[in-house]
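Novice:
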Amino acid sequence: MSDWAGIVWLFVLLAGNAFFVGAEFAVISARRSQIEPAAERGKRSARTALWAMEHATLMLATTQLGITVCSLLILNVAEPAIHHLLHGPLGLTGLSDTAIDVTSFVITLVIVSFLHVVLGEMVPKNLSFSFPDRAVVLLAPPLVFVGRVFGPITHALNWAANGIVRLTGVTPRDEAVSTFTLEEVETIVQQSTREGLLQDSTGALTNAFEFSAKTAREVTVPLASIETLPPSATPADVERAVAKHGFSRYVIEDERGTPVGYVHLKDVLDLEGEEFDVPIPAASIRPLVDVDSDAEIESVLAVLRRSGTHLARTADPFGRAIGVLFLEDILEELVGEVHDATRRE
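Numbering (our numbering), first residue to last: 1 to 345.
Following this line, the structure appears as structure tokens:
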């Protein structure tokens with residue numbers, strides 16, 4: 001091989017090394033949420049990128065194999081060529097052959113190491129970190145192709161690595177983590193707000209993070225603070241309660257003062273005549289779902305949504321009713337004060 005052919009191969013191998021490094025960091029740092037829309041539109045490269053992200057450890061085996069081979073060949077190809085090119089100029093210095101060989105090797109090692117670290121490692125890594133979504137769509141298809149060509153080798157490397165990881169008591173993961181924890185999202189929002197990149201004038205974002213930390217007990221209205229109606233309440237009693245308090249929903253208590261259901265104003269609006277002065281029909285009284293006072297408020301909201309009700313009976317660890325939780329109060333934890341359209345101020 002001629003000296004200049006060796007120089008050409010040096011840059012070809014540097015480009016190959018850069019490709020594998022860039023592909024490795026792109027697969028790890030890209031986010032599924034940014035790739036999935038393009039994949040759903042039928043973009044083939046995006047679908048391939050998703051597959052690569054779902055098989056991250058296999059792709060890492062491919063990139064590490066490529067990086068190792070390129071790194072080993074770079075010095076073997078570049079050293080003879082650069083050494084021979086330097087031998088002539090260094091011979092003019094009058095140095096001995098041994099000194100010329102040592103000096104040529106050191107200069108070659110410095111040049112190749114610099115090119116390898118900068119062009120073969122740092123530049124592609126920084127590009128992939130800066131544009132991970134574009135990088136993974138561009139680099140994943142050829143990486144997957146290389147992985148399939150050398151499938152037996154990469155699968156063997158991946159199997160061996162996973163086996164060693166299992167010996168340490170850790171379960172290997174095939175897919176790169178592409179989601180944020182609640183704490184990470186909260187930190188991102190706080191930092192973005194401080195930098196002026198995000199505005200939370202209503203406080204909804206901040207409330208959303210605090211919302212997740214609250215329990216049913218913190219939002220429950222105690223029994224003593226609730227406007228209730230007796231089990232013998234009539235539609236006329238509901239009408240008088242609405243005129244006095246303005247609420248649209250009223251809790252029905254049994255003889256022991258325990259909430260057993262609730263009635264909505266619209267449930268008795270169509271009652272008239274004799275029906276207006278007799279106890280509210282049982283069919284018009286809506287049931288209360290039971291929730292534990294220590295339950296997370298998110299779980300309570302899910303229960304209310306599944307049951308299609310706006311009120312829940314909160315019970316202590318001994319099963320005793322301590323109050324009623326209103327859907328309106330849960331929503332206020334997220335969006336601020338919510339006013340009942342019929343409420344008297």
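For glycine and all other residues, C-beta sits at the position ideal for the given N, C-alpha and C.
Note that the coordinates shown come from a computational prediction; the quantities given were computed from them, not determined experimentally.
How would you write the range of the alpha helix (DSSP H) that His116 sits in, first residue to last?
Specialist: 97 to 117
Novice: How is Arg313 classed by DSSP in three states: helix, strand or coil?
Specialist: strand
Novice: State whether the stretch 24 to 43 contacts the stretch 124 to 139, with contact taken as three or more CB pairs (one from each stretch) at a distance under 8 Å.
Specialist: yes
Novice: What does the alpha-carbon distance come out to for the pair Ser45 and Leu75?
Specialist: 34 Å
Novice: Cα separation between Val102 and Ala23?
Specialist: 36 Å
Novice: Note the first and the last residue of the continuous beta strand (DSSP E) segment covering Val263.
Specialist: 259 to 264
Novice: In the DSSP assignment, find the beta strand (DSSP E) that holds Ala321 and state where it starts and stops.
Specialist: 321 to 326
Novice: Using the Cα positions of Leu325 and Pro279, report the straight-line distance between them to the nearest angstrom.
Specialist: Their backbone Cα atoms lie some 25 Å apart in a straight line.
Novice: Count the other C-beta atoms from every protein chain shown that fall within 10 angstroms of the C-beta of Ala282, then say buried if there are 16 or more, exposed otherwise.
Specialist: Exposed: under 16 other Cβ atoms inside 10 Å.
Novice: Within 10 angstroms of the Cβ of Leu167, are there 16 or more other Cβ atoms? Answer buried if so, exposed if not.
Specialist: exposed
Novice: Note the first and the last residue of the continuous alpha helix (DSSP H) segment covering Arg305.
Specialist: 297 to 307
Novice: On the three-pair Cβ rule with 8 Å, is the stretch 312 to 326 touching the stretch 218 to 229?
Specialist: yes
Novice: Taking the alpha-carbon positions, what's the Leu85 to Pro152 distance?
Specialist: So the alpha carbons of these two residues sit roughly 40 Å apart.
Novice: In the DSSP assignment, the alpha helix (DSSP H) including Val146 goes from what residue to what residue?
Specialist: Per DSSP, Val146 belongs to the alpha helix (DSSP H) from 132 to 149.
Novice: Please go through the same chain and pick out, in chain order, the residues whose beta-carbon is closer than 7 Å to the beta-carbon of Glu295, but skip the five residues on each side of it.
Specialist: Position check: residue 295 holds Ala in this sequence, whereas Glu was assumed. Cβ neighbours of Ala295 beyond the five flanking positions: Thr215, Ala216.
Novice: Would you mind reading off the limits of the alpha helix (DSSP H) that contains Asp270?
Specialist: First-last for Asp270: undefined, no H or E at that position.
Novice: Considering only DSSP beta bridges, list what Glu253 is partnered with.
Specialist: Pro259
Novice: Does the pairing of the stretch 293 to 307 with the stretch 265 to 278 give three or more beta-carbon distances under 8 Å?
Specialist: no
Novice: Along the chain, where does the beta strand (DSSP E) containing Val289 start, and where does it finish?
Specialist: Under the DSSP assignment, Val289 falls in the beta strand (DSSP E) whose first and last residues are 289 to 292.
Novice: In chain order, what residues of the same chain lie with their CB nearer than 7 Å to the CB of Ser307, ignoring the 5 residues before and after it?
Specialist: Val289
Novice: Can you pull the DSSP bridge partners for Arg286?
Specialist: Tyr262
Novice: Do you know offhand how far Ala161's Cα is from Thr309's?
Specialist: 52 Å
Novice: Tell me which same chain residues have a C-beta within less than 7 Å of the C-beta of Leu119, skipping the five on either side of it?
Specialist: Leu14, Ala18
Novice: Look at the alpha carbon of Met122 and the alpha carbon of Phe20, and state the distance between them as a whole number of angstroms.
Specialist: 12 Å
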